[in-house]
Amino acid sequence: MDAEKTGSAAVDGLDARRKRILFRAQHRGIKEMDILIGGYVNAHIATMPEADLNEIEALMEIPDQDLLSWMTGSREVPARVNTPLYRAIIAFRGAQARS
């Protein structure tokens, strides 16, 4: 099954907040961020605990240019952003690149 089909089918079972987060994650404004954040959120949104939902919403408030520069390694990641969730997003991106 491809990720797009499983993601679409899974959306039907999500509550309104999770649907909103998923939409925002996949429609960032910069295609690279749609892929990086949207891909992670699509794969994990159904099982994310409340704390991670809060954190991903806060992360998505950061301007895309800043997030992209941190995620690509062109600028150092601030300590306040370098959380386990942020590192999980980076690891997910790396795993996708290797597969």
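With full-length UniProt numbering, the residue at position 28 of the sequence shown is 28, and numbering never jumps.
Think of the CB as a built atom: it goes at the ideal place given N, C-alpha and C, for glycine as much as any other residue.
{"Query": "Does the beta-carbon of Ile62 have 16 or more other beta-carbons within 10 angstroms, so that it is buried, or is it exposed?", "Result": "exposed"}
{"Query": "Assign Phe92 to one of three DSSP states: helix, strand, or coil.", "Result": "helix"}
{"Query": "Do Met60 and Arg24 have their beta-carbon atoms positioned less than 8 Å apart in this structure?", "Result": "yes"}
{"Query": "Beta-carbon within less than 7 Å of Leu67's beta-carbon, same chain only, minus the 5 sequence neighbours each way: which residues are those?", "Result": "Met33"}
{"Query": "CB Arg93 to CB Leu36, shorter than 8 Å?", "Result": "yes"}
{"Query": "So is Asn82 buried or exposed if we call it buried at 16+ other beta carbons inside 10 Å?", "Result": "exposed"}
{"Query": "Considering only the alpha carbon of each residue, which of Pro78, Ala79, Asp15 and Tyr86 lies closest to Ala46?", "Result": "Asp15"}
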